[in-house]
Each structure stands twice: as C-alpha cells, then as structure tokens.
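Note that the working numbering gives residue 292 to position 236 of the sequence shown, counting from 1, and the numbers run on in steps of one. Note that CB positions come from ideal geometry on N, CA and C, so glycine has one too. Please read these numbers as outputs of a predicted model, since none were measured by experiment. Report on the following structure.
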Amino acid sequence: MSKVPARVGFIGLGSQGAPMARRIIAAGHETTLWARRPATLAPFTDSGAKTACSPAELATASDLVCLCVVDDADVEQVVTGPDGVLAGLRRGGVIAIHSTVHPDTCRRLEASARTCGVSVVDAPVSGGGRAAEQGSLVVMVGGDPQVFAYCRPVFTTYGDPVVHLGPAGSGQVAKILNNLLFTAHLGLASDVLRLGAVLGLDRAALGRTLPRGSAASFALERVVDAGGGLDRIAAHAGPLLAKDVRLFDEIADRASIHEGTMLREAALAALAAMGRRR
C-alpha cells in the first residue's frame, strides 16, 4: 500500500458529496465519478474528473473508493451488487463509507471485502454542504489504523478534524450519537423560542440573542434560520433524523442499554414535534 491513494473514485454526488468530490479534484487527485443519473455528473464536465459507466468500472480505475449515498441498502447495492465496487476493485484497494449507516453494515462489508483483499473503513461526516465546501467537515473514522493513515490525506481535503475512533463501526457509532444529540438540540431550541414567545418576548429578537450567548448551538442557529420552528427542518431532514434515532435504539438494544436516557427522550420529543416517529 502506497503512502497516498493516487486514484480516487467517488459515488454519491448530493448536496454534501458533490463539494467533497470537488475538493478531492482540486487537491490534484486523479478522480473518477459515477452516478445513477447522468444529470448529476453534468456539473463536473469541466472539472477534470473522469466518469465511469458503473461502480465496478469506477473501482477498476481507483485505489480508494469513497461512498456518500443515502442508506444501508444503497451502500450494500453499490458495494456488493453484480456490477458493484467489489467486482472491480483491485487487491489492496480501500472503500470508505461516508454514509451514515448501521455499524453492523460496515463490519459485515469489511469482513466480506477482506476475503477479496480489499479494506473498508467507515468514515461518516458531519457539517453539511457548507462545511464540505470549506473543507471543515468532521470525519469520524472506524477501521484499521494503517488503512486510516493511508486514507487520511484524501479525507483532509474536505475534513477538519479527521478523527480515528477505533475498529470497524466506531465511526458510525460516533456519528449516530452526534445525530441523536443534534435531534435533541433541535427540539430544545424550538421549545425555548416558543417559551420565550409565551412569556412575552419577541421571537425574532430572542433568536438573535441566544446564538450569541452560552446557549449557542449549531441546532439553535438552524432553528432560528428556519423561522423559529421545526416544520421546514422536518420537511427535508425529518426522515434522516428518525432513521438515525432508530439506529441508536438498535445499537442500544445490542449493548443492553435498556433504560431510557435524557438524550434519547429529548430526541424522541423532537421527532414527535416534527410529526415523525423513529
């Protein structure tokens, strides 16, 4: 394994994945892209990146393949499908799973890929499209430390900090806890703005004040930007937040964490306020 991946493949060019891919390209890595819809590739026509007709073809042209697709089923299909990444990636290649999925999905794929001489790290990210554009995503990595060191130069093109948290699945556990706390924060932020209005405060003025004090949080800023409530956030993020709370519950059951926690209860209350169930 060389010190730095010379060729990088990227799959999942959504609002977060697209700027991640652009930063890889801008850093000078030979990059190959694949997307189900040709329209998704159109913005990259003049980027210098190559395109592939399938995940397998992309993998053949790559040393490291980064995935930023939606969920477990998408990851499984792209990696293990008949024309998937494992069908084309050479021995010694690496797959990095940036999607937020169940830790067991990553562990299962890591074990399967190992029989083909391929390594897998889970490397979910947090921060959204703006952070990806700025190169300030938080990258939470689980997997072999040597494979992490190999991938790190690519991860640092869009991530700061880039943190190794432990063996396979550890990055996913950290990301799911992050999203559980974020969900809880959204509910609390919305509630404090509601309470302020009930107590006679101007909601907009309170929304300008709290983010500058000790109560400041990323979630509070998102709620203020959304008009002080959760409806707009629920419309585009509700399903994903519910998925991640459900993933936490599955992990907690496996770890025999049967008692409810303040964090989980707050996250469930936030989902209820969004009209969502886990």
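Please go through the same chain and pick out, in chain order, the residues whose beta-carbon is closer than 6 Å to the beta-carbon of P209, but skip the five residues on each side of it.
What you label residue 209 is simply residue 153 of the sequence shown in a count that begins at 1. Here the set comprises V60.
Identity of the residue in S182, D160, G198 nearest S192 by Cα:
In the sequence shown, the residue the question calls residue 192 occupies position 136. It is S182.
Have a look at A290 and R147 and give me their C-alpha separation to the nearest angstrom.
Counted from its first residue, the sequence shown places residue 290 at position 234. Counted from its first residue, the sequence shown places residue 147 at position 91. For A290 and R147, the distance between alpha carbons rounds to 43 Å.
I need the DSSP call for G104, collapsed to helix, strand or coil.
Locating residue 104 in the sequence shown gives position 48, where the first residue counts as 1. Coil, per DSSP.
I believe C207 touches V177 by the beta-carbon criterion, under 8 Å. Please report the beta-carbon distance rounded to the nearest angstrom.
Along the sequence shown, one-based indexing puts residue 207 at 151. Along the sequence shown, one-based indexing puts residue 177 at 121. Yes, they are in contact, since the Cβ atoms of C207 and V177 sit about 6 Å apart, within 8 Å.
Which residues in the same chain have their Cβ closer than 8 Å to the Cβ of F274, if we skip the five residues on either side of it in sequence?
Mapped onto the sequence shown, residue 274 falls at position 218. For F274, where only same-chain residues beyond five positions count, the Cβ hits under 8 Å are F238, H241.
Same chain only: Cβ atoms within 6 Å of A83, ignoring 5 sequence neighbours per side
Position 27 of the sequence shown, counted from the first residue, corresponds to residue 83. Taken in chain order, the residues that qualify are T213.
Own chain partners of L286 with C-beta closer than 6 Å, once the 5 adjacent residues on each side are dropped
By one-based count along the sequence shown, residue 286 stands at place 230. The residues are S246, A329, M330.
Should H85 be labelled buried (16 or more other beta-carbon atoms within 10 Å of its own) or exposed?
Residue numbering aside, residue 85 sits at position 29 when the sequence shown is read from its first letter. Looking at its Cβ environment, which holds 16 or more other Cβ atoms inside 10 Å, H85 is buried.
For H154, the nearest candidate out of D130, S312, A143 (CA to CA)
The residue you call residue 154 lines up with position 98 of the sequence shown. Comparing Cα-Cα distances from H154 to each of D130, S312, A143, the minimum goes to D130.
Just reading off the alpha helix (DSSP H) that T265 is part of, what are its end residues?
Along the sequence shown, read from residue 1 onward, the residue named residue 265 stands at position 209. Element bounds for T265: 259-265.
Just to confirm before moving on: does the CB-CB distance between G243 and A188 stay below 8 Å?
The sequence position of residue 243 within the sequence shown is 187, counting from 1. The sequence position of residue 188 within the sequence shown is 132, counting from 1. No, the Cβ-Cβ distance between G243 and A188 is not below 8 Å.
Pairing CB atoms from the region 68-83 with CB atoms from the region 114-124, are three or more of them under 8 Å?
yes
I need the straight-line Cα distance from A293 to A272, nearest angstrom please.
Position 237 of the sequence shown, counted from the first residue, corresponds to residue 293. Position 216 of the sequence shown, counted from the first residue, corresponds to residue 272. Approximately 21 Å, taken between the alpha carbons.
Are there 16 or more other CB atoms within 10 angstroms of the CB of A42, so buried, or fewer, so exposed?
This structure leaves residue 42 out entirely; the chain is present only between 57 and 334.
What did DSSP end up calling R63 once you bin it into helix, strand or coil?
Reading the sequence shown from its first residue, position 7 is the one you call residue 63. Strand, per DSSP.
Cutting at 6 Å between CB atoms, please list the residues of its own chain near T107, excluding the five before and the five after it.
The count along the sequence shown starts at 1 and reaches residue 107 at position 51. Correct list, in chain order: L89, L97.
At which residues does the beta strand (DSSP E) containing L286 begin and terminate?
Counting from 1 along the sequence shown, the entry for residue 286 is found at position 230. First-last for L286: undefined, no H or E at that position.
What does the alpha-carbon distance come out to for the pair G65 and A115?
In the sequence shown, counting from the first residue as 1, residue 65 sits at position 9. In the sequence shown, counting from the first residue as 1, residue 115 sits at position 59. The straight-line gap from Cα to Cα measures roughly 7 Å.
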